[in-house]
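Visitor: Here the sequence shown stands for residues 74 to 460, numbered as in UniProt numbering.
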Amino acid sequence: EGPVCECNTCYGGPDCSHFFPDCFADADGGDPLFLEPFWMQHAASSALLVAGWHRMSYSYSDQSSMSEELERHIRKLHAIVGNAATDGRYIVFGAGSTQLLNAAVRALSPENSSSPARVVASIPFYPVYELQTDIFRSVDFNFQGDTSLWKNNSDTGTEIIEFVTTPNNPDGQLNKGVLHGPNVKAIHDHAYYWPHFTAIPAPAHGDLMIFTLSKFTGHAGSRFGWAIIKDEVIYQRMLTFLQLNTMGVSRDTQLRTLKLLKVVLAGGGRDLFEFGHETMRKRWEKLNKVISMSKRFSLQKIAPKYCIYFQKIRGVSPAYGWLKCEKEEDKNCFAVLQTAANITGRQGSVFYAEDRYVRLSLIRRQDDFDLLLQKLNELITGEEGPK
Ligand code: PMP
């Protein structure tokens, strides 16, 4: 049998050759399939075959050293990329970084205190921070919105947990924590702190850092993330939660992650990061070119920086375009793109920003990106008046 054809939204028929002109370009969603061609090129070396009798045990009774080997590979990866300090720090695994986000909130919250920790983030921020904190409502913590509300309040004695996303989803900025003081703890979400998406100016060295396989190799469905933790007590608290929540991370997932890491590390990461960065850089360049012809739309500005991994300043390459509708009347930029150009992005309000903004995903498959570009081009070349 030949390969099964997965048509995108604009094509149909048995071989995906039938074009639907009224179709929508899908720029929603953060599925990182831009890395699929890399894994096609490395199909054999990354393949895994597991016999039915293999690795049946719970992880706590599995005598093999697979988890230790995986942890060693993660430390090696960070040493090669230079994106995080791991020496003298603890590492825990999670079911994606999503599980670790809440494990971290719990571990940093006081126990049985009369004042629950305030969990905050800087707008625009990844909405799961709030949604997850709310759904796991607890007497120990609750979500309290934008950091700016607490800038002058960080000495009230109540613990504050600040989510710091570097680079940020949706706007790609290398955010730093904005709240400081003895009662402020940060959760550094480094989902996108890889050379595909940003220059790596220095190793991250936060007390609690979270990484994920999802945006690094693109295997979002495997659900693997890890946290790098400085403080032993916090590490133990996270471990206890993860043990009670899912009794550790799937051994199948750990095995697959290890296999993928071995492929990445074989060439010192060069193959993957060159491919990842070049793909994202080209997409950003093309998007910028189109948007720069428009008076109606603008994109975020990201300053190029020296990257210690590539040892040079390289082109900017964010995971998302954070598009702004500049006209006073275009208050709902999502609707503007939907109705005028058949483009589905994600509303600014999802990230607690104005709906004058819309996020465009640049990490999907190439055909999704090409369609997005084509539709933007049509819309912008049709703009009236002097450019
Ligand atoms: N943090 C950020 C900033 C993200 O954008 C995402 C995924 N979109 C995640 C965490 C969660 O990723 P995962 O659970 O797949 O590791």
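We treat Cβ as the ideally placed atom computed from N, Cα and C, and that holds for glycine. Since we're looking at a predicted model, the values are computed, not measured.
Compare the C-alpha of LEU121 against each of GLY455, VAL192, THR330, SER90 and name the closest.
Guide: The option with the nearest alpha carbon to LEU121 is THR330.
Visitor: Is the beta carbon of PHE346 less than 8 Å from the beta carbon of TYR382?
Guide: Going by C-beta atoms, PHE346 is nearer than 8 Å to TYR382.
Visitor: Within 10 angstroms of its Cβ, does MET129 collect 16 or more other Cβ (buried), or is it exposed?
Guide: It counts as exposed.
Visitor: Considering only the alpha carbon of each residue, which of LYS359, ALA264, GLY155 lies closest to GLY291?
Guide: Closest by alpha carbon: ALA264.
Visitor: Does the segment 150 to 164 come close enough to the segment 206 to 219 that 3 or more CB-CB pairs lie under 8 Å?
Guide: These segments do not touch.
Visitor: What does a CB cutoff of less than 6 Å around HIS278 pick up in its chain, not counting 5 residues either side in sequence?
Guide: So the qualifying residues of the chain are ALA158.
Visitor: Who are the near neighbours of GLU74 in its chain, counting only those whose CB is closer than 7 Å to its CB and skipping five residues on each side?
Guide: Note on GLU74: pLDDT 42, under 50, position unreliable in the model; the coordinate value appears next. Around GLU74: no qualifying Cβ.
Visitor: Just the Cα atoms here: how many angstroms apart are ASP304 and LEU252?
Guide: If you take the alpha carbons of ASP304 and LEU252, they lie about 20 Å apart.
Visitor: May I ask you to report which of helix, strand or coil DSSP gives ILE307?
Guide: Here ILE307 sits in helix by DSSP.
Visitor: Whose CA, out of ASN415, ASP428, SER422, lies closest to the CA of ALA100?
Guide: Nearest of ASN415, ASP428, SER422 to ALA100, Cα basis: ASN415.
Visitor: Looking only at its own chain, which residues have a Cβ that is under 8 Å from the Cβ of GLY85, when we skip the five neighbours before and after it?
Guide: The residues are HIS91, PHE93.
Visitor: Out of curiosity, what's the CA-to-CA distance linking HIS108 and GLU142?
Guide: Checking the sequence, you will find Leu at residue 108 rather than His. Each residue's Cα considered, the two are about 25 Å apart.
Visitor: Kindly examine the ligand PMP and report whether one of its heavy atoms sits closer than 7 Å to the Cβ of ALA300.
Guide: ALA300: no, Cβ never under 7 Å from the ligand PMP.
Visitor: What did DSSP end up calling GLY75 once you bin it into helix, strand or coil?
Guide: Reliability of the predicted coordinates at GLY75 is poor, the pLDDT of 46 falling under 50, and the value obtained from them is presented with this limitation in mind. Correct three-state label for GLY75: coil.
Visitor: For VAL336, which residues from the same chain have a beta carbon less than 7 Å from its beta carbon, with the 5 sequence-adjacent residues on both sides left out?
Guide: Once the five neighbours on either side are set aside, the close Cβ partners of VAL336 are HIS115, SER118, SER119.
Visitor: Give the straight-line distance between the Cα atoms of GLU358 and LEU446, rounded to the nearest whole angstrom.
Guide: Rounded to the nearest angstrom, the two C-alpha atoms are 11 Å apart.
Visitor: Check whether the segment 428 to 446 touches the segment 297 to 311, taking contact to mean three or more Cβ pairs, one atom from each stretch, closer than 8 Å.
Guide: Contact fails: fewer than three Cβ-Cβ distances are below 8 Å.
Visitor: Can you say whether ALA194 is buried or exposed, counting buried as having 16 or more other CB atoms within 10 angstroms of its CB?
Guide: Burial call: buried.
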